[in-house]
Every structure is written in structure tokens, then in C-alpha cells.
Amino acid sequence: MTKKTMMSKIRSISLDRTHLLLIALTFGSLYLNASLYIYNYNLQREIEELSDNSEQAGEAPEAVITPSPTGQEVAAPAKQEMVTLTVRQGDTLYQIFNDAGIAPADANAILAAINAVHKASQLQVGQKVVIDFRDATDIPAPDGNGHHAPSVEGVVAPSTEEAALSQYYSRVKKINILSDEEDIAITYNDAKAEYTAHLITIPIHEHFDVTSGVINESLYGDAINAGVSPNVILDLINKFSYDVDFQRDIKVNDAFSVYYNYYINDSGKKVRDGNIVYGALTLSGKKLEIFRYKNGDVVDYFDRSGNSIRKTLLKTPINGAKITSGFGNRIHPIYGFSKMHKGLDYGAPRGTPVLAAGDGVIDFVKYTKNGYGKHIKLRHTHKYSTLYAHLDRFAKGMKKGSRVSQGDVIGYVGATGLATGAHLHYEVHANGIQVNPAKTSFAKYPALQGNNLQKFKAWVQEVDHKVEEAAEKSKNGQAPAPQVTSTPSSAVTAPDKKQ
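Take the sequence shown: its letters are residues 0 to 498, numbered as in numbering that gives the first Met the number 0.
Spelled out as C-alpha cells, the structure:
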């Protein structure tokens, strides 16, 4: 083939491709224009239909909507009315007042009144804020001269209600910020021209319940299905975590039982959980029990013999996580060769809280791009220390020399450093040498003795009776609400304190 012939073929191919491109663009343009024409035609028809429907139905009154920074649309109050808003994630009271059409000066004055009795920043998602507005007919009666007395002494008031309302009186009649256990009531005093807040405590009542069940899938899931609240079952898991490995020790057909208190309001709504009074796990035929008891000024948990369930270190420093890599030699997931793994890896979602395994002092808080990534080391006793690695972030206040208590959140699961995915690498050091946390026995806290032990045994008998009574009522379909009235009953309602 000559050079001339070859060039001719190349030009021919180029022309063919150019023609094809032009043809494609032409058809594409025609299709687009046709689509736009059809869309505009249909849109015009819809507008005409809506217009016809509007004329047939008559004009509806127009509602003026105030833009809401929190996403809640609230009609601007033009007449006396009551507006109810629900607190959402990220809301502030100032934003809520602004949404309702309250002037900034009034909003700030209301917040100042609230802060005198309660922290205005302590809002809870789901709380109701009820704002009662007033119109010109709801202001003080006129004086002898026919003027509406102003809130400011010595100032001549206007003779019309509307002018008086706009110039001198608050548009807000009262506000109620409601929660399950309290009501913050804010009212406006016309004579003093100021807002006043009162904190009203809503009565709540203590009730008790007992729930038992068999484990088919998991302790957490089966307990939830049996009616135990998530807070109570997580507390039960935490209390037994000194002795129970919840990934390895729980088997199908094991059993659980928990006796706990909770609080309801006058309408019968449960407002909060209380404490576990008694808990039991039957694992492979062996029964483990815990009893809540006030020992002096400290509330703690003991077994039936009066031995403290607390140990110097927790069995696992993270709730609900599975061991993904054990202690010992393994093929390193990144390097690919056999290497000694001197800790336990717990697989868990990023952001899962990591707990201090025991009381102690922070030895160091570090971040290295390789190896452990973000990690923290705690010194517990002269013998033991623990290390937590690959954290996504540290908890607030974590710095060298700071003290932590057992169960405190010190960080959150991540994948920093040399990690293939989100997990916690946990090490226990005994006299400076890494040991297997799963096979190490840790010392218990002191057992009850003498008179304290005798009081505890009497308390155990009473709890046994109450558990049986509550179980019988539950079996018969009655609402169990036994009241524990003995002297140690403060162990039920008193908050936990660290020893």
C-alpha cells in the first residue's frame, strides 16, 4: 500500500467518524427539544387544573409561616393562641423562642429567668415547650382616664389595647417547658414588667419488676424481647463482666433473671430506670448471683456469701464486642508473617465506648501513625497496667497523670495506626510483661465481715422473698410493685459510689 493510498483511507475514516458524531448530536438535540416541549405542556396543564380547582373551592386563608432554624414551621401568632414545639436534636431554647415569633429581647429575658431556677441548656430531645400568647383583649383594664396603664411607671399609656400591647406588654402570657419529671413554668408580671420562672416537680412513683428468661440467641436480645429495658440489661452485663466472658461463656438454654426498680408518673408512663436489686445468670448449670447492698456510705454488689463482685480489673473493657484475635502467635494481618500477638482484639463499630478496666492513673496518651495509632496506657496498681490501642479518639480530659475510675469511658473504638478495620487492641501488663487478659485472675475487693455480713444476709433473705413475690404476681398477670421497706432498702434507690 502506497503512502498516498494510506492517507486517503485515514481521511475517509476521519470523515466517517465526524459524520456519525454530527448525526448523533442532531438527533440528541431533537430529542431534548421534544422532551422539554412535552414537559412544559404538561406543567402548564397542571397549573391550569390547580387554578380551576382553587376557583371552585374558594380562596383559603393564607397562613404566615415563620422560618425556623431548627426545621420546625410555626405559624406567626397574630391572635391569642397556644403554640407547642417539640425539642429536637441540636435545638436551643433561644432558637425555639425565635421560631415561635418571640422578640430577641423577650427571649433573652425569659432565658435569664429560667437560668435562675434551672440550666436553660439542659434540654432533652422530645421535651415539649408550650407557649401561650395573648392578644390585645388580654391586657390590664384601662385606668380612670381611659388609658391602659403601662408597665413602666410615669409613662402615659396609649388609649387603645393594640397600641398598649405592642408598646408596653409582653406578647407572651406564659411558657411551660415540660419533661417527665418536672415543669418549668414562666409567667410575665405586668406590674413589674418582668418574667418569673418556677420549677415544679412532677410526682413519680417507685415500682419493682422481675423478669426471667432462657437464652436462645443472645442475653441482650432475649432479655429485650422479654421486656427488660436496654439500660437494665447493659447494667446487668456490666456487673457480671468481672467473671463472665459474654462471647464465650454464654450458651443456648442458659438462663437469666433480674429484679429491678423503675419510676412512673401519675399517668402511668415510665420516666426512668432505677437499679438492679438482684441479678442471676445460670451458665451451663452453674448459677451466678449478685445483690445490691449499701455497705456504709458505699453501694456495691456482692454474691450470696457477701463477697464483692468487683475485681481490680474488668474481664473485658468494652461492652458487646467479639474477640476477633486472641493472645499468642498469629499471622499478622498486614505484614503477613507469624508474630506474637500480646493482647486481645475486640471487633466493634467505630465510636463504641472503651472503658477503663480498673481504677488508676493515666501513664500516657499517645498517637503514632504506625503501630498502635491513638493509644492510652493506665497504671492501676504496683503490679498491673493496661493499654488500649487503635482508638478513633480519646475521651475528654484524658491526659498524663489524670485519675480514672473503673468503668469510665476513656476513648472510642477506631482503626488508627496499623489496623485493617475498626477494633480495640487491649493489653494487660503484669510487672511490665504482657499477659493473656482472658486467662488472668484478678484480685477481688474485700468481702463483708462481722455485723455488716449479718445485715447483708438478712437483706438477702428479704430480696429472695420479694423476688418470689414479684415473680408470682407476674405469672398471674398482675403488675408487680412490691415495696422493700427494711433498713438496708436504701441500697435500692441510692446511687452507685466508687470504692
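We put the beta carbon where it would ideally sit given N, CA and C, even for glycine.
Q. Which residues in the same chain have their Cβ closer than 7 Å to the Cβ of TYR411, if we skip the five residues on either side of it in sequence?
A. Excluding residues within five positions, the ones whose Cβ falls inside 7 Å are GLY350, THR351, PRO352, VAL353, LEU390, ASP391, ARG392.
**Q.** Residue range of the unbroken beta strand (DSSP E) whose run includes LEU447
**A.** Premise fails: LEU447 is in no beta strand (DSSP E) and is neither H nor E.
Q: Inspect the beta-carbon positions of THR195 and ALA112 and report whether they are closer than 7 Å.
A: yes
Q) Residues bridged to MET81 by DSSP? A) ASP131
Q. With C-beta atoms as the reference, is ALA184 less than 7 Å away from VAL213?
A. ALA184 is not a Cβ neighbour of VAL213, given a cutoff of 7 Å.
Q: Mind checking who LEU390 pairs with in its DSSP beta bridge?
A: LYS373, VAL412
Q. Opposite TYR277 in the DSSP bridges: which residues?
A. TYR258, PHE290
**Q.** Pick from SER401, THR323, ALA414 that is closest to LYS368, judged by C-alpha positions
**A.** ALA414
Q | Counterpart residues of SER324 in DSSP-defined beta bridges | A | Bridge pairing for SER324: ASP344 [DSSP].
Q | contact_flag[the segment 268 to 288, the segment 241 to 257] where n(CB pairs < 8 Å) is 3 or more | A | yes
Q) What number of angstroms, rounded off, separates the C-alpha of HIS424 from the C-alpha of TYR241? A) Separation of HIS424 and TYR241 (C-alpha to C-alpha, rounded to the nearest whole angstrom) is 19 Å.
(Q) Quick check on PHE363: buried or exposed, where buried means 16 or more other Cβ atoms within 10 Å of its Cβ? (A) In summary, PHE363 is exposed, with fewer than 16 beta-carbon neighbours lying within 10 Å of its beta-carbon over all protein chains present.
Q) Is it true that the CB of GLN246 sits closer than 7 Å to the CB of ILE322? A) Taking 7 Å as the Cβ cut-off, ILE322 and GLN246 qualify as a contacting pair.
**Q.** Exposure label - ASN450; buried when at least 16 CB within 10 Å
**A.** exposed
**Q.** Three-state class that DSSP yields for LYS269 in the structure shown
**A.** strand
Q. DSSP three-state call for GLU181: helix, strand or coil?
A. strand
Q) Between SER401 and the rest of its own chain, which residues show a CB-CB distance below 8 Å, the 5 nearest in sequence each way excluded? A) Excluding its 5 nearest sequence neighbours in each direction, SER401 has C-beta neighbours in its own chain below 8 Å: VAL360, ILE361, listed in chain order.
Q: Tell me whether GLN71 sits in a helix, a strand or coil according to DSSP, three-state version.
A: Model confidence at GLN71 stands at a pLDDT of 48, short of 50, so the residue's coordinates are unreliable and nothing is read from them.
Q: Can you give me the start and stop residues for the beta strand (DSSP E) that LYS365 sits inside?
A: 359 to 366
Q. Hey, PRO348 and ALA421 are a contact pair by Cβ (cut 8 Å); roughly how many whole angstroms apart?
A. 6 Å
Q: Alpha carbon to alpha carbon, how far is GLY396 from GLU193? Give it in angstroms, no decimals.
A: 40 Å
Q.
Is the separation between the beta-carbon of TYR261 and that of LYS250 shorter than 7 Å?
A. no
Q) By how many angstroms is the C-alpha of TYR93 removed from the C-alpha of ASN107? A) 7 Å
Q) Considering only residues of the same chain and omitting the five flanking positions on each side of GLN126, which have a CB-CB separation below 8 Å? A) THR85, VAL86, ILE176, LEU177, SER178
Q: Measure the Cβ-Cβ separation of ALA320 and ILE409 and say whether it is below 7 Å.
A: no
Q. Count the other CB atoms within 10 Å of the CB of VAL297; is the residue buried (16 or more) or exposed (fewer)?
A. Answer is exposed; the Cβ neighbour count stays below 16.
Q. Short check: CB of GLY357 to CB of LEU312, under 7 Å?
A. yes
Q) Going straight from the alpha carbon of GLU80 to that of ASP182, what length do you get? A) 20 Å
Q: Using 10 angstroms around the beta-carbon of ARG291, count the other beta-carbons present and answer buried if the total reaches 16, otherwise exposed.
A: Counting Cβ neighbours within 10 Å, ARG291 comes out buried, since at least 16 surround it.
(Q) Runs of 3 residues minimum, wholly inside the segment 164 to 244: which ones carry the beta strand (DSSP E) assignment? (A) 171 to 177, 181 to 188, 193 to 200, 203 to 213
Q. Can the beta-carbon of GLY416 be found closer than 7 Å to that of GLY370?
A. At the C-beta level, GLY416 and GLY370 come within 7 Å of one another.
Q) If you compare alpha carbons, which of VAL434, LYS454, PHE239, ASP272 is closest to GLU205? A) ASP272
Q: For LYS376, count neighbouring Cβ atoms within 10 angstroms of its own Cβ and tell me buried if that reaches 16, exposed if not.
A: buried
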